[in-house]
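The structure appears below as structure tokens.
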Amino acid sequence: MALSPKKPKKLSGGLLLILFVVISVVLMTVWIREGVNGPLHAVRSGVATLTMPFQYTGALLSRPFQAVGNMTTNLTASQEDISTLTAENEELRALVMQLEEYRQENERLSKMLELADTYSLDSTGARVISRSADTWNRVLTIDKGSSLGLRVGMPVLSANGLLGQIESVSQFSSTVRLITDSQSGVAAFLQSSRIEGIVTGSAEGLVYLSYIPLTATVQPGDVVVTSGAGGVYPKGIAIGEVVSVDYSPTDVYQTIIIKPITRVSTYEEVLVLVGNQSEVQINVNVQSQSDEYASDTEDSSSTDGLDGNEDDGSGAAGSSTTGGTDGQ
Amino acid sequence: MDSSSPSLRPTVLGALIAIALQVIIAPNIAINDVVPNFVLLFTVITAIRYGAVRASSVGFILGLVYDLIAQGPIGVMSLVLALLGYSAGSLNKSTLTGSLAVQMVIILAAAFFGELLHSVILAIIGYDANFTMSLLMRVLPGTIYDSVIGLILLPLLNRDGNAHKRRTDSSLKTMDPRRRRR
Chain A
1 MALSPKKPKK LSGGLLLILF VVISVVLMTV WIREGVNGPL HAVRSGVATL
51 TMPFQYTGAL LSRPFQAVGN MTTNLTASQE DISTLTAENE ELRALVMQLE
101 EYRQENERLS KMLELADTYS LDSTGARVIS RSADTWNRVL TIDKGSSLGL
151 RVGMPVLSAN GLLGQIESVS QFSSTVRLIT DSQSGVAAFL QSSRIEGIVT
201 GSAEGLVYLS YIPLTATVQP GDVVVTSGAG GVYPKGIAIG EVVSVDYSPT
251 DVYQTIIIKP ITRVSTYEEV LVLVGNQSEV QINVNVQSQS DEYASDTEDS
301 SSTDGLDGNE DDGSGAAGSS TTGGTDGQ
Chain B
1 MDSSSPSLRP TVLGALIAIA LQVIIAPNIA INDVVPNFVL LFTVITAIRY
51 GAVRASSVGF ILGLVYDLIA QGPIGVMSLV LALLGYSAGS LNKSTLTGSL
101 AVQMVIILAA AFFGELLHSV ILAIIGYDAN FTMSLLMRVL PGTIYDSVIG
151 LILLPLLNRD GNAHKRRTDS SLKTMDPRRR RR
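Line by line, the protein sequences are chains A and B. First residue of the first sequence? That's 1 in our numbering, and the numbers climb one at a time after it. First residue of the second sequence? That's 1 in our numbering, and the numbers climb one at a time after it.
Quick look at the structure:
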């Protein structure tokens, strides 16, 4: 009797579906449990590298349409809008001048106190190449990645204020989670009262300042800035201003809605804070100082350090630190 | 592959186009942060055309790719689309091959249940805390956006499918020996 070769059995639809469900659940569990250096995160990083040229193409293709959209919006701006903006611009110019005066004064006082300047931050510019590919995450993709020294956790700014934080990095691109995303949280305080809270995004697109007690006085228009707590974001970066305050006597905290200072949809370029310049300069100066000791030069007094500090403005913070170290 | 089963080529080609649209086009046509889901639409169209088995396979693979492209947890969309493809493809054949309006209703329902299931899973795993707001601000606008794009795509695909069917029918007729004898 001849044996006919057995045909391989096909999986039935139900079995196949169960298999897919099991694989998906396993993947979800692994994703939740693994860290940012886990295998699934690595695969996603690889996919980001592969899709980057396509995202870039999409951004290039959409740019003319966005430009037309912006032009239409500008053309349809009313005379009233233009007048308001002109007046606002004049006010801001005056404010910038005043702030510049304060900045210089602060710099001088910091030098005298030999403090490192926490606001002189090293940053690198990057171009936005894509926005979120899904409805559930508010993210941006920028055209710089680990090959240029970007790392997970670095803060990302627009020209006005805080935009978000790098969440994942591939070789040539990085994904930035915006402060408007519901997964985002930023330690912040109210500039006027210095009361600390957490700025969180939400599904509805509003940004909340949470954990502000009922006893605190908060007014619409109050400015919210980063507090520096947690060490992720430097202190003093503008986030937005309070637009509404609501609470009932039974609440523990107030419900405060803030309007972010940056309109995410309009930005094409961003700044990534890659480190604190003063820290870098301190390191450089400590290195040069040890070199000086090694070469055994006789006159390296603290007064010389301060003199050099006054001559060279760029190295101000570092030089003053060197002087301080000498003095010690 | 069984010789009686329909060719895989259009499905693979369509899947690649859906991924390309999701990566290149979707982020740039988002309205108020609501991004159209081309891979969901393609899964439903596959279910209408080819049935449950192929649709759940296509849904699983495309969902996995979508999860890797997007920034959410991996495995969520693959689970949603595998279930959606299977459910939509398991509908009565006469319903699936019905009029354009019926197919549109299927797409609308699939878009709603797909987005809703996605939202529920994210809420269960603690990724998205405010379910009510997600429903109002993401599920419903997402459903409308997906349905509008489905409304544009479906007649185009049907027209293409009908033209292909006509071509196939006419070539079969010319090969028919009874016709040749005449």
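Built from N, CA and C at the ideal position, the CB exists for glycine as well.
Scan the segment 122 to 155 of chain A for residues whose Cβ lies nearer than 8 Å to a Cβ of chain B and list them as they occur along the chain.
Answer set for the segment 122 to 155 of chain A: 130, 131, 132, 133, 134, 135, 136, 137, 138, 139.
Does the segment 52 to 60 of chain B come within contact of the segment 121 to 136 of chain B, defined as at least 3 CB pairs closer than 8 Å?
At 8 Å Cβ cutoff, the stretches do not touch.
Report yes if the C-beta distance between residue 192 (chain B) and residue 138 (chain B) is below 9 Å; otherwise report no.
The requested residue 192 (chain B) is not part of the displayed model; chain B covers only 1 to 182.
Return the chain-ordered list of same chain residues with a C-beta closer than 6 Å to the C-beta of residue 258 (chain A), the five sequence neighbours on each side being excluded.
Residue numbering aside, residue 258 (chain A) sits at position 258 when the first sequence is read from its first letter. Only 207, 209, 224, 240, 242 meet the Cβ criterion.
In chain order, what residues of the same chain have a beta carbon less than 6 Å from the beta carbon of residue 122 (chain B), not counting five sequence neighbours either side?
Sequence index remark: in the second sequence, residue 122 (chain B) carries index 122 (1-based). Correct list, in chain order: 128.
Count the other CB atoms, across all protein chains shown, that sit within 10 Å of the CB of residue 28 (chain A); report buried if there are 16 or more and exposed otherwise.
In the first sequence, the residue the question calls residue 28 (chain A) occupies position 28. Counting Cβ neighbours within 10 Å, residue 28 (chain A) comes out buried, since at least 16 surround it.
In the DSSP assignment, find the unbroken alpha helix (DSSP H) run with residue 86 (chain B) in it and report its ends.
Position 86 of the second sequence, counted from the first residue, corresponds to residue 86 (chain B). 76 to 89 is the extent of the alpha helix (DSSP H) around residue 86 (chain B).
What I want to know is whether the C-beta of residue 155 (chain A) ends up closer than 8 Å to one or more non-hydrogen atoms of the ligand SAH.
For the structure depicted, the ligand SAH is absent and the ligand set is empty, with no information on it obtainable.
Can you find a CB in chain B that lies within less than 9 Å of the CB of residue 54 (chain A)?
Stepping through the first sequence from its first residue, residue 54 (chain A) is reached at position 54. So, interface residue.
Given that residue 25 (chain A) touches chain B, what residues does it touch there, using C-beta distances under 8 Å?
To locate residue 25 (chain A), count along the first sequence from 1; it is residue 25. Those are 75, 79, listed as they occur along chain B.
What is the DSSP secondary structure of residue 58 (chain B), counted as helix, strand or coil?
In the second sequence, counting from the first residue as 1, residue 58 (chain B) sits at position 58. Three-state result, residue 58 (chain B): helix.
Would you identify the three-state DSSP class for residue 71 (chain B), choosing helix, strand or coil?
Counted from its first residue, the second sequence places residue 71 (chain B) at position 71. In the structure shown, residue 71 (chain B) sits in coil (DSSP, three-state: anything other than H, G, I, E or B).
Name the chain B residues that come within less than 9 Å of residue 205 (chain A), Cβ to Cβ?
Here residue 205 (chain A) refers to the residue found at position 205 of the first sequence. What residue 205 (chain A) touches in chain B: 32, 33, 137.
DSSP on residue 281 (chain A), reduced to helix/strand/coil?
As a first step, residue 281 (chain A) must be located in the first sequence, where it is residue number 281. Reliability fails at residue 281 (chain A), whose pLDDT of 40 lies under 50, so the model's placement of it is uncertain and the value that follows must be treated cautiously. Three-state DSSP puts residue 281 (chain A) in a helix.
Sorted by chain position, which residues of the same chain lie with C-beta nearer than 7 Å to residue 78 (chain B)'s C-beta, five sequence neighbours on each side aside?
In the second sequence, the residue the question calls residue 78 (chain B) occupies position 78. Counting only Cβ-Cβ distances below 7 Å, and skipping sequence neighbours, we find 60, 63, 64, 67.
Using 8 Å as the cut-off, can you tell me whether the segment 129 to 148 of chain A makes contact with the segment 157 to 173 of chain A, which would need three or more C-beta pairs spanning the two stretches below that distance?
Yes, the segment 129 to 148 of chain A touches the segment 157 to 173 of chain A.
From residue 263 (chain A) to residue 178 (chain A), what does the alpha carbon distance come to, in whole angstroms?
Position 263 of the first sequence, counted from the first residue, corresponds to residue 263 (chain A). Position 178 of the first sequence, counted from the first residue, corresponds to residue 178 (chain A). Spanning the two alpha carbons is a distance of roughly 11 Å.
So which residues of chain B does residue 167 (chain A) contact, with C-beta pairs closer than 9 Å?
Residue 167 (chain A) sits at position 167 when you count from the first residue of the first sequence. Residues of chain B passing the Cβ test: 71.
Please list the terminal residues of the continuous beta strand (DSSP E) segment that includes residue 233 (chain A).
Along the first sequence, one-based indexing puts residue 233 (chain A) at 233. Careful: residue 233 (chain A) lies outside any beta strand (DSSP E) and carries neither H nor E.
Name the DSSP bridge partner or partners of residue 366 (chain A)?
Residue 366 (chain A) is absent from the structure shown; chain A starts at 1 and stops at 328.
Alpha carbon to alpha carbon, how far is residue 59 (chain A) from residue 110 (chain A)?
Position 59 of the first sequence, counted from the first residue, corresponds to residue 59 (chain A). Position 110 of the first sequence, counted from the first residue, corresponds to residue 110 (chain A). Distance between the alpha carbons of residue 59 (chain A) and residue 110 (chain A): 44 Å.
Using 8 Å as the threshold, is the segment 139 to 156 of chain B in touch with the segment 112 to 122 of chain B, meaning 3 or more CB pairs across them?
A contact exists between the segment 139 to 156 of chain B and the segment 112 to 122 of chain B.
For residue 128 (chain A), write down the residues that DSSP places opposite it in a beta bridge.
The sequence position of residue 128 (chain A) within the first sequence is 128, counting from 1. Looking at the DSSP assignment, residue 128 (chain A) forms a beta bridge with A:142.
From which residue to which residue does the beta strand (DSSP E) around residue 224 (chain A) run?
By 1-based counting over the first sequence, the position of residue 224 (chain A) is 224. Element bounds for residue 224 (chain A): 223 to 226.
For residue 199 (chain A), write down the residues that DSSP places opposite it in a beta bridge.
The residue given as residue 199 (chain A) occupies position 199 in the first sequence. Note: residue 199 (chain A) sits in a beta bridge opposite A:186, A:209.
Quick one: complete alpha helix (DSSP H) runs, 4+ long, within the segment 5 to 39 of chain A?
Those alpha helix (DSSP H) runs which fall completely within the segment 5 to 39 of chain A and span 4+ residues are 13 to 33.
Quick test of your reading: residue 154 (chain A) and residue 273 (chain A), contact by CB under 8 Å. State the CB separation rounded to the nearest angstrom.
Along the first sequence, one-based indexing puts residue 154 (chain A) at 154. Along the first sequence, one-based indexing puts residue 273 (chain A) at 273. Confirmed, Cβ separation roughly 6 Å.
Along chain B, in chain order, which residues have C-beta atoms closer than 9 Å to that of residue 13 (chain A)?
In the first sequence, the residue the question calls residue 13 (chain A) occupies position 13. Going along chain B in sequence order, the residues near residue 13 (chain A) (Cβ under 9 Å) are 51, 52, 53, 56, 86, 89, 90.
List the residues of chain A whose Cβ lies closer than 9 Å to the Cβ of residue 8 (chain B), in chain order.
For the purposes of this step, residue 8 (chain B) is taken as the residue at position 8 of the second sequence. The premise fails here: residue 8 (chain B) is roughly 14 Å from chain A at the closest Cβ pair, so nothing lies under 9 Å.
Between the beta-carbon of residue 54 (chain A) and the beta-carbon of residue 24 (chain B), is there less than 9 Å?
Against the first sequence, residue 54 (chain A) aligns to sequence position 54. Against the second sequence, residue 24 (chain B) aligns to sequence position 24. Their beta carbons are under 9 Å apart, which means residue 54 (chain A) touches residue 24 (chain B) by this criterion.
Please return the same chain residues whose Cβ sits closer than 8 Å to the Cβ of residue 163 (chain A), not counting the five positions on each side in sequence.
Reading the first sequence from its first residue, position 163 is the one you call residue 163 (chain A). Within the same chain, residue 163 (chain A) has close Cβ partners 140, 156, 157, 176, 178, 179, 262, 264, 267, 270.
Classify residue 78 (chain A) as helix, strand or coil using the three-state DSSP reduction.
To locate residue 78 (chain A), count along the first sequence from 1; it is residue 78. Three-state result, residue 78 (chain A): coil.
DSSP state of residue 262 (chain A), grouped into three classes?
Residue mapping note: residue 262 (chain A) aligns to position 262 of the first sequence, counting from 1. In this structure, residue 262 (chain A) counts as coil in the three-state DSSP scheme.
For residue 31 (chain B), which of helix, strand or coil comes out of DSSP?
Here residue 31 (chain B) corresponds to residue number 31 of the second sequence, with the count starting at 1. Reduced to three states, the DSSP call for residue 31 (chain B) is strand.
Would you report the Cα separation of residue 183 (chain A) and residue 148 (chain B), rounded to the nearest angstrom?
On the first sequence, residue 183 (chain A) is found 183 positions in, with the first residue counted as 1. On the second sequence, residue 148 (chain B) is found 148 positions in, with the first residue counted as 1. Cα to Cα, the separation comes out at about 29 Å.
Name, going along the chain, the residues of the segment 172 to 194 of chain A whose beta-carbon falls closer than 8 Å to a beta-carbon of chain B.
Hits within the stretch, in order: 175, 177, 182, 183.
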